[in-house]
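S.K.: With the numbering used here applied, the sequence shown closes on residue 415, and no number is skipped along the way. By construction, the Cβ of each residue, glycine as well, lies at the ideal position given by its N, Cα and C atoms.
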Amino acid sequence: MIKDKNQHRTSLSELGEFGLIDHLTKNFKISKSSTIKGIGDDAAVLEFKSKQIVVTTDLLVENIHFDLSYTPLKHLGYKAIIANLSDVYAMNAEATQVTVSIAVSNRFPLEALEELYEGIHTAAKIYKVDVVGGDTTSSTTGLIISVTAIGEASGEDIVYRNGAKPNDLLVVTGDLGGAYMGLQVLEREKQVFKVNPNNQPDLEAYTYIIERQLKPEARKDIVKLLKDLKVKPSSMIDISDGLSSETIHLCKQSNIGVELYENKIPLDPQVISTCEEFNIDSTTIALNGGEDYELLMTISQQDYPKIKANPNFTVIGYMTEKERGMHLITRAETLIPLIAKGWNGLSDQE
Ligand code: ADP
Ligand code: MG
66 MIKDKNQHRT SLSELGEFGL IDHLTKNFKI SKSSTIKGIG DDAAVLEFKS
116 KQIVVTTDLL VENIHFDLSY TPLKHLGYKA IIANLSDVYA MNAEATQVTV
166 SIAVSNRFPL EALEELYEGI HTAAKIYKVD VVGGDTTSST TGLIISVTAI
216 GEASGEDIVY RNGAKPNDLL VVTGDLGGAY MGLQVLEREK QVFKVNPNNQ
266 PDLEAYTYII ERQLKPEARK DIVKLLKDLK VKPSSMIDIS DGLSSETIHL
316 CKQSNIGVEL YENKIPLDPQ VISTCEEFNI DSTTIALNGG EDYELLMTIS
366 QQDYPKIKAN PNFTVIGYMT EKERGMHLIT RAETLIPLIA KGWNGLSDQE
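1) Going by C-alpha distance, which of 381, 275, 139, 265 is nearest residue 360?
2) Quick check for students: name the residue ranges of the beta strand (DSSP E) that lie wholly in the stretch 148-176, counting only runs of 3 or more.
3) Run through DSSP, which three-state label would residue 296 get?
4) Return the CA-CA distance between residue 75 and residue 169, expressed in angstroms with no decimal places.
5) What does the Cβ neighbour count give for residue 165, buried or exposed, with the cut at 16 atoms within 10 Å?
6) Return the Cβ separation of residue 215 and residue 111 in integer angstroms, given the expectation that the two are a contact with Cβ distance under 8 angstroms.
7) Which same chain residues end up closer than 8 angstroms to residue 371 when comparing Cβ atoms and leaving out the 5 residues on each side of it in sequence?
8) Under the rule that 16 or more other beta-carbon atoms within 10 Å means buried, what is residue 396, buried or exposed?
9) In whole angstroms, what separates the C-alpha of residue 99 from that of residue 161?
10) Please report how far the alpha carbon of residue 388 lies from the alpha carbon of residue 318, in whole angstroms.
11) Secondary structure at residue 358, three-state DSSP: helix, strand or coil?
12) Shortest alpha-carbon distance to residue 181 belongs to which of 225, 86, 118?
13) Let's see if you can read the secondary structure: which residues bound the alpha helix (DSSP H) around residue 259?
14) Could you compute how far the alpha carbon of residue 83 sits from the alpha carbon of residue 342?
15) Which residue or residues does DSSP assign as beta-bridge partners of residue 119?
16) To which residues of the same chain is residue 367 closer than 7 angstroms at the C-beta, ignoring the five residues directly before and after it?
17) Measuring only from the beta carbon, is residue 165 closer than 6 angstroms to any heavy atom that is part of the ligand ADP?
18) For the ligand ADP, is there a heavy atom less than 6 angstroms away from the beta-carbon of residue 202?
19) So which of 364, 390, 89, 305 has the shortest CA-CA distance to residue 228?
20) Can you give me the start and stop residues for the beta strand (DSSP E) that residue 324 sits inside?
21) I'd like the span of the beta strand (DSSP E) that includes residue 383, first residue to last.
22) Who are the near neighbours of residue 302 in its chain, counting only those whose CB is closer than 8 angstroms to its CB and skipping five residues on each side?
23) Pull up the distance between the alpha-carbon of residue 320 and that of residue 307, whole angstroms please.
24) Is the stretch 239-250 touching the stretch 344-354, taking contact as three or more C-beta pairs under 8 angstroms?
25) Indicate the three-state DSSP secondary structure (helix, strand or coil) for residue 127 in the structure shown.
26) Is the beta carbon of residue 184 within less than 6 angstroms of some heavy atom of the ligand ADP?
27) If residue 383 sits next to residue 235, beta carbons under 8 angstroms apart, how far is it from one beta carbon to the other, in whole angstroms?
28) With DSSP as the reference, label residue 111 as helix, strand or coil.
29) Roughly how many angstroms separate the alpha carbons of residue 323 and residue 230, rounded to a whole number?
30) May I ask whether a heavy atom of the ligand ADP can be found less than 6 angstroms away from the beta carbon of residue 90?
31) Please classify residue 279: is it buried, with 16 or more other beta-carbons within 10 angstroms of its beta-carbon, or exposed?
32) For residue 393, which beta-bridge partners are listed by DSSP?
33) How far does the alpha helix (DSSP H) with residue 317 in it extend, from its first residue to its last?
Now the structure itself:
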């Protein structure tokens with residue numbers, strides 16, 4: 066498991082709040098022309114000319130959304146940004162700025178926050194967004210992180226959840242279930258570590274799925290690809306809660322039904338083998354796992370030729386009239402109603 070590698074523990078009280086903010090944000094540079102004023106005043110100032118603005122926010126609470134016994138702080142910072150950018154891309158918009166707010170207890174030395182901010186900085190650099198503000202406060206025990214992401218798009222490019230039509234194709238990017246199975250492996254190693262702290266886990270066979278859990282990426286590339294292919298999805302959502310519940314969101318908001326084919330769901334071989342090892346059904350994981358940060362969209366059948374040769378996209382079903390309901394067609398060709406948290410009773414329907 067991840068040990069505390071910090072030799073040095075500088076108490077946060079040595080810096081004071083303003084010293085801390087300065088220290089953590091001194092390397093952040095402004096790169097977007099829409100950022101007029103970033104960190105340092107009472108508010109950031111942004112200018113977007115004729116664009117529409119999308120805003121999204123997420124709150125991450127220690128031991129609810131992350132477990133620091135196997136999550137390196139650098140990865141946590143990175144993932145906190147990714148989770149928000151994914152929501153911006155799901156609107157078919159370009160992410161431009163983020164704000165980051167943290168509440169920390171005195172359990173965390175400066176070095177821990179430096180690590181967190183290294184991850185934040187790396188994600189901001191790779192995804193080309195400016196960190197333009199935030200807030201810093203104390204908490205009694207755990208760590209809390211809130212990120213707000215801001216993005217821009219022309220009004221006609223923005224894709225909502227409610228535009229899907231019957232006969233549209235249901236399309237997903239990448240593959241599903243990896244993040245959840247990565248988490249299962251990490252949880253198992255945590256239990257093993259508790260019993261025998263000298264046990265060195267061999268995680269070689271799980272590198273892809275652990276990376277999907279600890280260092281996910283957001284599909285910025287898909288927003289560009291869709292533009293290049295001249296495809297505007299009729300609806301889109303990011304997969305943070307699992308394929309099943311996101312598909313239901315698209316259906317309900319678009320007031321239509323769906324037929325989703327079990328045998329079309331894209332799975333990485335490592336997800337399949339790890340599911341076998343854990344004796345879990347891989348379809349259940351893809352439907353309910355979550356945190357994959359892939360994009361789920363519907364496209365008009367006319368656009369199918371534009372995407373069919375592209376390995377980033379998999380057609381997994383098609384939309385129907387509302388009256389036909391929302392179903393998974395299994396490999397045995399039986400129809401099973403889609404429910405928000407699994408069709409085989411993994412947990413209760415929402
Ligand atoms: P205020 O008293 O108005 O809340 P602060 O002293 O908290 O202002 O913040 C000063 C500046 O630093 C502001 O630009 C704010 O957005 C930014 N800031 C504060 N905390 C953070 C943080 N954790 N990460 C990034 N920027 C921050
Ligand atoms: Mg403040």
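M.R.: Taking the definition as stated:
1) 381
2) 159-169
3) coil
4) Whole-angstrom Cα-Cα distance: 14 angstroms.
5) buried
6) Taking 8 angstroms as the upper bound for CB-CB distance, residue 215 and residue 111 are in contact here, some 7 angstroms apart.
7) 294, 295, 296
8) Burial check for residue 396: the Cβ neighbour count within 10 Å stays below 16, so the residue is exposed.
9) 8 angstroms
10) 15 angstroms
11) coil
12) 86
13) 243-260
14) 50 angstroms
15) 216
16) none
17) yes
18) no
19) 364
20) 322-326
21) DSSP places residue 383 inside the beta strand (DSSP E), whose first and last residues are 378-385.
22) 155, 226, 311, 314, 315, 360, 361, 362
23) 20 angstroms
24) Result yes; three or more Cβ-Cβ pairs closer than 8 angstroms.
25) strand
26) no
27) 6 angstroms
28) In the structure shown, residue 111 sits in a strand (DSSP, three-state: E or B).
29) 10 angstroms
30) Yes, the ligand ADP has a heavy atom inside 6 angstroms of this Cβ.
31) buried
32) 325, 401
33) 308-319
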